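Visitor: Take any residue in the sequence shown, count from 1 to its spot, add 211: that is its number in the working numbering.
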Amino acid sequence: MDCPRSRYARFPRRLAALAPLVAALALLITAAVGCATLSGDGDSTARADTVAADTATVPATIAADPAARRRTTRADTAEAGRFDRGRMWTFDDPPTDYFEQEYDFTPDDEWFRRARLGALRLPNCTASFVSPRGLVLTNHHCARELAASTAEEGEQMIQNGFYAETQEQERRVDDLYADQLVAIEDVTGEVEAALEGAQTDAERAEARRQVVEDIKQRRTGEVDGENLRTEVIALYDGARYSAYTFRRYSDVRLVMIPEADVGYFGGDPDNFTYPRYTFDVSFFRVYGENGNPLEPEAFFPFAPDGSEAGEAVFVVGNPGSTSRGETVSQLAFRRDVSDRALLAFLESRRAAFEDFAGEDPSEQMENRLFTLRNATKLYRGRLEALNDPYILARRRDAQEDFQAAVEADSSLREQYGRAIAEMNRIQQQKRELGDRYRAFLMMENPSYASATLRRALVAKRLLERREAGASEEQLSGLREELLSVADQPAGLDRRLLEARLRDLREHLSDSTAQAVLAGRSPATAAHEIVEGSALRSTDAAREVLEASTLSAGDPALETVSGLYTLFRDFQSARSGLEARQQEVARRLGQARYAVRGADVPPDATFSLRIADGRVSGYEYNGTVAPPYTSFYGMFNRYYAYGDGTPWDLPERWLDRREALDLGAPLNLASTNDITGGNSGSPVLNRDLQLVGVAFDGNIESLAGDFIYLPERARAVSVDTRGLLEALDSVYQADRLTRELREAGAVETARR
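1. Name the two residues that bound the continuous alpha helix (DSSP H) containing R647.
2. Please list, in chain order, all residues of the same chain as A956 whose beta carbon is under 6 Å from its beta carbon, the five residues on each side excluded.
3. For G400, count neighbouring C-beta atoms within 10 Å of its own C-beta (all shown protein chains included) and say buried if the count is 16 or more, exposed if not.
4. By DSSP, does S540 sit in helix, in strand, or in coil?
5. Just how far apart, CA to CA, sit L877 and M845?
6. Indicate the three-state DSSP secondary structure (helix, strand or coil) for L589 in the structure shown.
7. Can you tell me where the alpha helix (DSSP H) holding W322 begins and where it ends?
8. Could you say which of S912, E958, E595 and E618 lies nearest to R803 if we only look at CA atoms?
9. Do F906 and H352 count as a contact pair if the criterion is CB distance below 8 Å?
10. Within this structure, are the beta carbons of G436 and T931 separated by less than 8 Å?
11. Mapping DSSP to helix, strand and coil, what is A394?
12. Mind the definition here: the segment 675 to 689 touches the segment 707 to 720 only if three or more C-beta pairs lie below 8 Å; say whether that holds.
13. Excluding the five sequence neighbours on either side, which residues of its own chain have a C-beta within less than 8 Å of the C-beta of T441, listed in chain order?
14. Relative to the C-alpha of N545, which candidate in Y648, A609 and L746 has its C-alpha closest?
15. When the Cα of A726 is compared with those of T377, D550, N896 and P766, which residue comes out closest?
16. What does a CB cutoff of less than 7 Å around R464 pick up in its chain, not counting 5 residues either side in sequence?
17. Which partner residues of M299 appear in the DSSP bridge assignment?
18. Can you give me the C-alpha to C-alpha distance between A555 and P861, rounded to a whole angstrom?
19. Curious, which full-length alpha helix (DSSP H) runs of at least 4 residues does the segment 840 to 905 contain?
20. Using beta-carbon positions only, say whether R606 and I918 come within less than 8 Å of one another.
21. For the beta strand (DSSP E) that contains R496, what are its first and last residues?
22. Rounding to the nearest angstrom, what Cα-Cα distance links S661 and R672 in this structure?
23. Using three-state DSSP, classify G449 as helix, strand or coil.
24. Would a C-beta distance cut-off of 8 Å place D547 and R791 closer than the cut-off?
25. Would you mind reading off the limits of the beta strand (DSSP E) that contains E830?
26. Can you name, in chain order, every residue of its own chain whose Cβ lies under 7 Å from the Cβ of T307, other than the five neighbours on each side?
27. Could you give the residue range of the alpha helix (DSSP H) that holds R629?
28. Report back the beta-carbon spacing between D481 and R487 to the nearest angstrom; my notes put them in contact at under 8 Å.
29. Determine the DSSP secondary structure at L333, reduced to helix, strand or coil.
30. Check each candidate in E356, E692 and D386 and name the one with the smallest Cα separation from A471.
31. Leaving out five residues before and five after L901 in sequence, what residues of the same chain have Cβ atoms less than 8 Å from its Cβ?
32. Since A752 contacts L694 with CB under 8 Å, what's their CB separation in whole angstroms?
33. Would you kindly work out how many angstroms separate the C-alpha atoms of L728 and A736, rounded to a whole number?
34. Under 8 Å: do the segment 809 to 829 and the segment 523 to 541 share three or more Cβ pairs, one atom per stretch?
35. I need the DSSP call for R606, collapsed to helix, strand or coil.
36. Work out the CA separation of L557 and D386 for me, nearest whole Å.
Here it is, written out as structure tokens:
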């Protein structure tokens, strides 16, 4: 019997001497079970005729870093590491000396310029140019809602995917834009000069807001471009400020998005895990003002041979936010109060949405559930990390080293010596508001708060101001705000209101809960409020406003009245503490920059960064995760779990399985430092060729909000070899693959 062999299968060099023995064993195994090999997924239930080992397709050794085995994770011996603050380097201060030391590679200014211009920032993710005709690559999960917005009547875009076989079939996506960073200017001196005369936190905040607006207007006038806009980015918690000028492309059209079953293969169970088998990609095209595909100055062609284990790779993207500059007391507050409350909130709202989804199985509702499930798993992982004594001990060691450096310099000691102690006091004061944090968390959030309750909060302010003598003209802004609250389905609104009433009952005093619930259960109260309030919908609210019949006796207003003063006082107290915290954080950022400078990168700010790393597996769960997975693993999962599960595959994939080279690398793991916002980031080799597109991190990477641990954390990306293989063999997307392959020749000619 002839067994299929992947063109990607090869022996690691260190095993070459064992080839005769391995070949003999392979013959025995083949005779016994056909073409199956031992599965790298640890799943013995998969069918033998469809499964082969991922490890058989790995192009280099899967061994984890031996040094990782020697690293202690005991809290009592924890020591800070050089890169605990991460490796998300700015383009303001690229670490060329470090790259030379670590990779024997010294990129010049032109290399960094091309890396910067080839990357794009979407409203929620990162993307990159991958052809000379404006083709853009990002993730499926970044595009699913955008793609759904282009669906024609009866189309199930998320379920069935989309591919434009011709340029004319590419669909413009309303409200989608892509920003390209074209210029960077250090404006720290300008901002600091504006803050010199400010005496209070409020004055400093206002002075900062005003000077930032002035800088944006000045830069806009200097660049003199209709599609250019400037943002002022605060780095190192405000120790440094940079003006980033972006070119905005507003004509962006959908080219291809796969089915959700492969774009989110494995669903929530596989989210934030590795090994992974997900085809999380999508393609758009940017068009110029002339209506033709844009010819970008820089783009990233696919690397012809992909990558190898141990190879240096660089992720260029827009990481959203991290908290690595926070003090230990701030992290402890998050562990005990704010993040714990947020996780409980997400879990209860997820339950409300899942309960309502039975009444509304639309793609829009599925997208909202996707976001909630992702956030829930994210914060569960972060909270587990905050409860790891080793992580906080390592952060404490870094903080003590920093404090010692400040104390050793008389000038720094005088300016910043008591900043950490001041931050500790602020956290203690925030703890005193703990129950109210839990009760009022995201009270006015437009996505996860009851629309009826949100209208009632605005209506309460409106009635108070009217009673205080405000004219109808003075109240016009509040009326507009009230009527701008978007309607929610009554069933969802009721469930969200019930969840909020449960929060209030659990975390506020008995007297306040009694005033709100009036002896009713949260479920009964929510039903009566949504059914009986004139604020249950925009139309009903407009009627009572126009008739001037809105009164404090409305069921929703009666509910709000029982907690409004407490809520308002909480908002005021929290705002004051947050303003003080921001100012102390700025001083700490200045101190850290004075001690370490740009040798330590700043926290993520959803601005362009470059993160270095290597393709690498790692030890986990008593075994070793390989640096690459393959289509073998994807089909292994499908046959192990079956139809109707998160590992289901579309009919197109099942029908064309025989055409696929199952050994093609599908996903890869690397030590690059990424976080939310990096989704869709290009993973590049030193020649600025694309070897992958980042879409996730492993579960261990969730600690990365607080500390970067390269022995544990991995970025997870779609390998460009598997991407092309699927486009060729499953989608037969000849126009797209031809453009991607020809891009390499164009880039070579440009050089």
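Beta carbons are placed, not taken as given, at the ideal position from N, Cα and C, and that holds for glycine.
Since we're looking at a predicted model, the values are computed, not measured.
Guide: Looking at the coordinates:
1. G645 to F651
2. none
3. exposed
4. helix
5. 9 Å
6. helix
7. D320 to G329
8. E618
9. yes
10. no
11. strand
12. no
13. I426, K427, R430, T431, V434, A454, Y455, T456 and F457
14. It should be noted that the sequence gives Arg, not Asn, for residue 545. Comparing Cα positions, the closest option is Y648.
15. P766
16. E381, R382, R383, V384, F495, R496 and Y498
17. A822
18. 35 Å
19. 842 to 852 and 862 to 866
20. yes
21. S493 to V497
22. 17 Å
23. helix
24. no
25. Y829 to Y831
26. T317 and P318
27. No alpha helix (DSSP H) holds R629; DSSP gives it neither H nor E.
28. 6 Å
29. coil
30. E356
31. S339, V341, L348, F511, P512, F513, A514, P893, V894, L895 and T931
32. 6 Å
33. 6 Å
34. yes
35. helix
36. 28 Å
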